[in-house]
Amino acid sequence: MTKRTHILQFRLGLLLLLSLISVASLAALWEFQLEGRVLPALGIPYDGRFEDAERWRFIITSTTFATLSLAIPGLVIRRLVVSLSQGYQAILDARQEAFRLARHDELTGLYNRRIFIEKLTFWLTGESPTAAVMIINLDRFKPINDTYGHAGGDDALCEIAGRLRRFSNKDITVARTGGDEFAVLISGVIGRDELAALGARICTSLSQPLMSLPHPLSAGVSIGIALFPDDAETADALLRCADTAMYHTKSTERGTFCFYDLSFGEAVRSREQFEREIRSAVLNNEFVPWFQPVISLHSGKISGFEILARWHHPARGLLMPADFISDVDRTGCMPAMTESLLRQACRHFRDRYTDMTLALNIPASMAEDLTLPETIQRLLREEGLPLSRLEIEITEDTLIANMASARINLDKFRAMGVTVSLDDFGTGYSGLYHLTQLSIDKIKIDRSFIALKTSRKNQMVDAILAMGKSLEMQITAEGIEQMEAARWLSAHGCDFAQGWLFGMPVPADEISGLFTGKALQEFGATLKGHIPLSGDNLPSLSS
1 MTKRTHILQF RLGLLLLLSL ISVASLAALW EFQLEGRVLP ALGIPYDGRF
51 EDAERWRFII TSTTFATLSL AIPGLVIRRL VVSLSQGYQA ILDARQEAFR
101 LARHDELTGL YNRRIFIEKL TFWLTGESPT AAVMIINLDR FKPINDTYGH
151 AGGDDALCEI AGRLRRFSNK DITVARTGGD EFAVLISGVI GRDELAALGA
201 RICTSLSQPL MSLPHPLSAG VSIGIALFPD DAETADALLR CADTAMYHTK
251 STERGTFCFY DLSFGEAVRS REQFEREIRS AVLNNEFVPW FQPVISLHSG
301 KISGFEILAR WHHPARGLLM PADFISDVDR TGCMPAMTES LLRQACRHFR
351 DRYTDMTLAL NIPASMAEDL TLPETIQRLL REEGLPLSRL EIEITEDTLI
401 ANMASARINL DKFRAMGVTV SLDDFGTGYS GLYHLTQLSI DKIKIDRSFI
451 ALKTSRKNQM VDAILAMGKS LEMQITAEGI EQMEAARWLS AHGCDFAQGW
501 LFGMPVPADE ISGLFTGKAL QEFGATLKGH IPLSGDNLPS LSS
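Using UniProt numbering, you'd call the opening residue of the sequence shown number 1 and step up by one each time.
Here it is as C-alpha cells:
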C-alpha cells in the first residue's frame, strides 16, 4: 500500500476512536448529570434510586452498540479506501509505464527512434550546435535469429544494448532505432579523431562473442558516421547521411566504420538497384550452377564436380561470382541462392553420372546456422540424391570465425554420411590442432601453393600430403594448370586434382564434353604406363 493509503486508514481509525469516546462521554454525562434534570423538566417521571453499577452498565451497553454500528461501516469504508487507492496507484503506474514505453524501446530499454530524433532535433536547434550521429547495424544478426529463434535474437539485442549503454553519458545518447539497428548521438564539440577513436572502441566492444547465446557468436557491426553541420543541416538529412555511410561500410569492409562522403550517394543508389536485381534473380532462378570437374589421380577419371554459381543477368549477361557474391550475402539472399543452386544440381545429377559426387561450398553466413544440416538433408531427400554423393566444403577462415557452430554442423554432416572438406587449406589459421578436433574427411590444398615460384614449393606440398595421409584424410590439389604438376602430385600420393588443365567450369549441358578432354586422356595414358610417372627426371611443380 502507498503512503497515501496509510494516511487515509489512520484518519479513518482516528475518526472511529473519537466517535466512540464521544458516545461514551455523552452516555456518562447523561446518566450522572443530565438525566435527573432533563426528565423532570419535561414532566417525565424520574426514579433517582439507580445504583452506579446500573448506570455504568447502560454506558457500556450504549457504547458497545455504537461501536458495532460504526465498525461495520468503517470496515466497508476502509476496504473502499484501499480499493480506490490501489486503483489510483494502478492508474499512476500505467501512466508512468506508458510514458516510459513512449520514450524507450520495450526490449532493450534504450531510447526509441522517435525520442532519439526529438533529442537530435532539439540539440541542432540550439546556439552554434555541433554534433555527430552514428548508425550501427549488426552484420550477422539474421543467422543468429535463424539459429536460435526470436528468443535468442532478443537476448543478443539486449546484450548489444547493454554494451552500448556503457558508452552513454551526458554528451552521448544511445537508442535502438529498429530491428538490429542502433543510433548514437554525440553532442558538443568533438573532432574526427575523437569520433574515430570512439567508433573503434564501439566496434571492438560489439564484435566480441555474445555470451548470452548457447554457443557464443560474434554479431559483428558496421558503423556509419555523419557530422553536423559538415554533412547535413537537418536531423533527417543527418540520419540519412549516417545510414548511407553505414551501408558503404557494409559493402566495402564490414566490422569497421567510415565517415560520410558526398560520393556515397550515387554508390548507394546503384547498390540499392543491384540489390533489387539480386532479389528478383533469386525469385526468377537467374542464378544457375556451373560445374568444374574433380579428377581422381589414382584412376585418371572424373570423380565428381564442384558446384559454382553463375548469374544470367538480364542486362549484363553472364556474371561471375566475384561480381555478385558479396552483394548476395549482404542482402541476406545467400541461403536462398545456395539452396537453389544445389536443388538445380541435384535434378541434373540424380539420374545421370550416378557415381559422381557434388561438392558445395558453404559460405560464412550459412555456417552459423545450426539447422543447416537438416535443411540440406531435407533438400536432398526431396530431390532424390543420396547424401553419400554430397561433399560439403568450408574454408579455413569460415571455420575459425564460426568455430563453435561449425563444429556442431560438421559433426552432423559427417553423421549423415556427407563428406566434409576443408577448402583453401594453408591460407588461414586452422592449424593441426583443429584438424584433429574437427570432423574433416578431406583437405583441399589452396591454388596459391601450386602457383608458388620457389624452390621449396615441392617440399611444402609434400609436407601437406604427408600430414593428410598421417591424419587419414584425402587430399585435393586446386589450381592445376600444367600436366607436369598433375603427374608430380599423383606420384607423391595426392588423391584428387582440380583446375583448368582438366576443365574449366561449364554449364550442365556441356558436362559430357569434359569426359573426352585431351588433358584427361593424356593423364590417363600416364597412369597406364605409357608416360613415366616417377623417377629422378620427374618435372617439379615450379617448372
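Virtual Cβ for every residue (Gly too), placed ideally from N, Cα, C. Values in this document were obtained by computation on a predicted structure and should not be read as measured data.
Legend entry - For A485, the nearest candidate out of N112, T516, T147, L501 (CA to CA): Comparing alpha-carbon positions, the option among N112, T516, T147, L501 lying closest to A485 turns out to be L501.
Inset, instruction - Following the continuous alpha helix (DSSP H) through residue 551, name the residue where it begins and the one where it ends. - result: Outside the shown range of the chain, which is 1 to 543, sits residue 551, and nothing can be said about it.
Inset, instruction - Note down the Cα distance separating D509 from V221, rounded to an integer number of angstroms. - result: Their backbone Cα atoms lie some 42 Å apart in a straight line.
Inset, instruction - Helix, strand or coil for M403, going by three-state DSSP, please let me know. - result: Correct three-state label for M403: helix.
Legend entry - Neighbour-count burial assignment, R389, 16 or more Cβ in a 10 Å radius: Burial call: buried.
Inset, instruction - Please state if the CB of S340 and the CB of F287 are separated by a distance shorter than 7 Å. - result: Less than 7 Å divides the Cβ of F287 from the Cβ of S340.
Inset, instruction - Evaluate the contact criterion for the region 401-410 versus the region 359-370: three or more CB pairs, one atom per stretch, below 8 Å. - result: With a cut-off of 8 Å, the region 359-370 and the region 401-410 count as touching, because enough Cβ pairs lie within range.
Inset, instruction - Compute the Euclidean distance between the alpha carbons of G304 and L164, then round it to the nearest angstrom. - result: Here the alpha carbon of G304 sits roughly 49 Å from the alpha carbon of L164.
Inset, instruction - Round the Cβ separation of M483 and A519 to the nearest angstrom and send it over; I've been treating them as touching at under 8 Å. - result: A519 and M483 do touch by the CB rule: their CB atoms are close to 7 Å apart, below 8 Å.
Inset, instruction - Flag this pair as yes or no: are the beta carbons of I278 and P289 separated by less than 7 Å? - result: Contact flag unset, no.
Inset, instruction - Could you say which of E194, T177, E275 lies nearest to D243 if we only look at CA atoms? - result: Nearest C-alpha to D243: T177.
Inset, instruction - Look up V221 in the DSSP assignment and give the residues it is bridged to. - result: Its beta-bridge partners are L138.
Inset, instruction - Would you list the residues sitting across from Y111 in a DSSP beta bridge? - result: Answer is H104, A175.
Inset, instruction - Consult DSSP for E286 and reduce its assignment to one of helix, strand or coil. - result: Residue state for E286 is assigned as coil, using DSSP reduced to three classes.
Inset, instruction - Assign A359 to buried or exposed, taking buried as 16 or more other Cβ atoms, counted over all protein chains shown, within 10 Å of its Cβ. - result: Buried.
Legend entry - Inter-residue spacing [alpha-carbon to alpha-carbon] between I117 and A183: Their Cα atoms are separated by approximately 10 Å.
Inset, instruction - Compute the Euclidean distance between the alpha carbons of M337 and A281, then round it to the nearest angstrom. - result: Straight-line Cα distance between these residues: approximately 9 Å.
Legend entry - Identity of the residue in E253, H248, G152, E396 nearest N269 by Cα: Note on identity: in this sequence residue 269 is Arg, with Asn being the wrong assignment. Of the candidates E253, H248, G152, E396, the one whose C-alpha sits nearest the C-alpha of R269 is H248.
Inset, instruction - Would you check if the distance between the CB atom of A245 and the CB atom of C258 is smaller than 7 Å? - result: Result yes, Cβ atoms of A245 and C258 sit closer than 7 Å.
Inset, instruction - Measure the alpha-carbon distance for G493 versus K442 and round it to whole angstroms. - result: The alpha-carbon atoms of G493 and K442 are separated by roughly 14 Å.
Legend entry - Same chain, Cβ closer than 7 Å to L227, neighbours up to 5 away in sequence not counted: Excluding residues within five positions, the ones whose Cβ falls inside 7 Å are A132.
Legend entry - Where S543 sits in the DSSP three-state scheme: For S543, the predicted model reports a pLDDT of 42, less than 50, meaning its position is unreliable and no value from the coordinates is stated.
Legend entry - Residue closest to I450, alpha-carbon to alpha-carbon, out of G265, F425, G468, I325: Closest option to I450, Cα to Cα, is F425.
Inset, instruction - Return the chain-ordered list of same chain residues with a C-beta closer than 8 Å to the C-beta of T476, the five sequence neighbours on each side being excluded. - result: Leaving aside the five residues that flank T476 on each side, the residues in its chain whose CB is nearer than 8 Å to its CB run, in chain order, V294, S421, K442, I443, K444, I445, C494, D495, F496, A497, Q498.
Legend entry - 6 Å CB neighbourhood of P321 in its chain, flanking five on each side removed: Shown here for P321: same chain residues with a beta carbon closer than 6 Å to its own, the five before and five after excluded, namely A309 in chain order.
Inset, instruction - Just the C-alpha distance for D231 and W123, rounded to the nearest angstrom, thanks. - result: D231 and W123 have their C-alpha atoms some 16 Å from each other.
Inset, instruction - Report the residue from R447, E233, Y148 whose alpha carbon sits nearest the alpha carbon of E481. - result: It is R447 whose Cα lies nearest to the Cα of E481.
Legend entry - Under the three-state DSSP convention, the category A486 falls into: A486 sits in a helix when the DSSP states are folded into three classes.
Legend entry - Spatial distance of H348 from G255 (CA atoms): Approximately 39 Å between the Cα atoms of the pair.
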